[in-house]
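Those letters in the sequence shown? Residues -33 to -1, 1 to 204, by mature numbering (1 follows the signal peptide of the UniProt record, and there is no 0). Here a beta-carbon is modelled for each residue, glycine too, at the ideal position from N, C-alpha and C.
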Amino acid sequence: MIKNLFSTPKKTAVTVLCALAILTAVGTGTAFAVSAVAENTSIGADKAKMFAFADAGVDPVTAENVRTEFDFEQGHFIYDVEFTANGTEYGYWIQASDGSVVKKKIELIGAGGSKTGITAAITQKDARKIALEDAGLTEAEVTISAEKLDTENGVAVYEVDFVKGNVKYEYDINATTGAVYSKNSESTAFPSTEAAAQPSETQTAAANATVAPTAENRSNNNYIGLERAKAIALSDA
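Pasting the structure below:
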């Protein structure tokens, strides 16, 4: 029976094609089965998004255009997570088994949502950490006032602004190397109006010296005294 399937060149070709089709179907079915098992035992799409947001240092509330897809890439079952936040587009491959970052891409978005081609090798979270360490502060000690990916003289930088007490810090962190590109700090406190209104000890002493003559001044001929001044004023009236 089997020999009959290969008795002629035509039968042989048909037999081979049928065998290949069966093997392909079996292989495809096996692949789908493996993928389904991997997805069912994975961390799940929602957790994958949270891992991506955490690595990027992005508040989930501010994330837009969020898309998540289970896939197999470069030998890994991964969640492909994409989203935009603060004028930046993020693309993540999150390991489906444990949530680790396999790969990430960060790109600045221009006006109208167009891509600028300006990419970053570090995340906003990384830039924040670098700026705080340079300032000798911790995140718990400050209030973050602004963070965004931008460019300075053609260089991709993260702008990181934060406040501690009456001091405002402004940092630009190189988005490729992580180096401090520029930094500035300034006091936001205003002088006390009460303190400004009160004369200094020197001013008070000088005023007292003017209106309160000393014994030496009284003996001086140029000092006429209060009673003499009254008499002169009355005689001229």
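Presumed contact (8 Å Cβ cut-off) between V127 and A98, rounded CB distance: With a Cβ gap of about 4 Å, V127 and A98 count as contacting.
Going along the chain, which residues of its own chain have a beta-carbon closer than 7 Å to the beta-carbon of S154, five neighbours each way excluded? The residues are N133, V134.
So the alpha helix (DSSP H) D22 belongs to, where does it begin and stop? Unbroken alpha helix (DSSP H) run through D22: 12 to 23.
Residue from A102, F157, G84, E56 whose Cα sits closest to the Cα of K115: For K115, the closest C-alpha among the options A102, F157, G84, E56 is that of E56.
Go ahead and label A156 buried or exposed: buried means 16 or more other beta carbons lie within 10 angstroms of its beta carbon, across all protein chains shown. By the 10 Å Cβ count, A156 comes out exposed.
Figure out for me which residue from K150, Y136, I89, G79 has the closest Cα to the Cα of V68. Of the listed residues, the one whose Cα sits closest to V68 is I89.
Rounded separation between I73 and A19 - CA only: So the alpha carbons of these two residues sit roughly 12 Å apart.
How many Å lie between V178 and E108 at the Cα? Unreliable positioning characterises V178 in this predicted model, as indicated by a pLDDT of 48, which lies under 50. A coordinate reading is not provided.
Enumerate in chain order the residues of its own chain whose CB-to-CB distance from L104 is below 7 Å, with the five nearest sequence positions on each side excluded. Excluding sequence neighbours, L104 sits near K131.
Taking 7 Å as the limit between beta carbons, can you name the residues of its chain near E40, skipping five residues before and five after? Scanning its chain for C-beta atoms nearer than 7 Å, with the 5 sequence neighbours on each side dropped, one finds around E40 the residues W60, in chain order.
Which of helix, strand or coil does DSSP assign to L99? Helix at L99.
At what residues does the beta strand (DSSP E) containing I140 begin and finish? Boundaries of the beta strand (DSSP E) around I140: 134 to 141.
Limits of the unbroken beta strand (DSSP E) element including V147: Where V147 is concerned, the enclosing beta strand (DSSP E) starts and stops at 147 to 154.
Would you kindly work out how many angstroms separate the C-alpha atoms of N120 and S152, rounded to a whole number? N120 and S152 have their C-alpha atoms roughly 21 Å apart.
Alpha carbon to alpha carbon, what distance is there between A3 and V147? Those two C-alpha atoms are separated by around 46 Å.
Environment of K82 [buried if 16+ CB atoms lie within 10 Å]: Counting of Cβ neighbours within 10 angstroms places K82 among the exposed residues, the total staying below 16.
Every unbroken alpha helix (DSSP H) inside the region 66 to 117 [4 residues or more]: Counting whole runs of 4 or more residues, the region 66 to 117 contains the alpha helix (DSSP H) stretches 91 to 102.
Assuming Y136 contacts A102 under a Cβ cut-off of 8 Å, what Cβ separation, rounded to an integer in Å, is found between them? Y136 to A102, Cβ: 6 Å. Contact.
For G58, which residues in the same chain have their Cβ closer than 6 Å to its Cβ, ignoring the five residues on either side in sequence? Annotation for G58: E49, K72 place their beta carbon closer than 6 Å to its own, counting only its chain and skipping 5 residues before and after.
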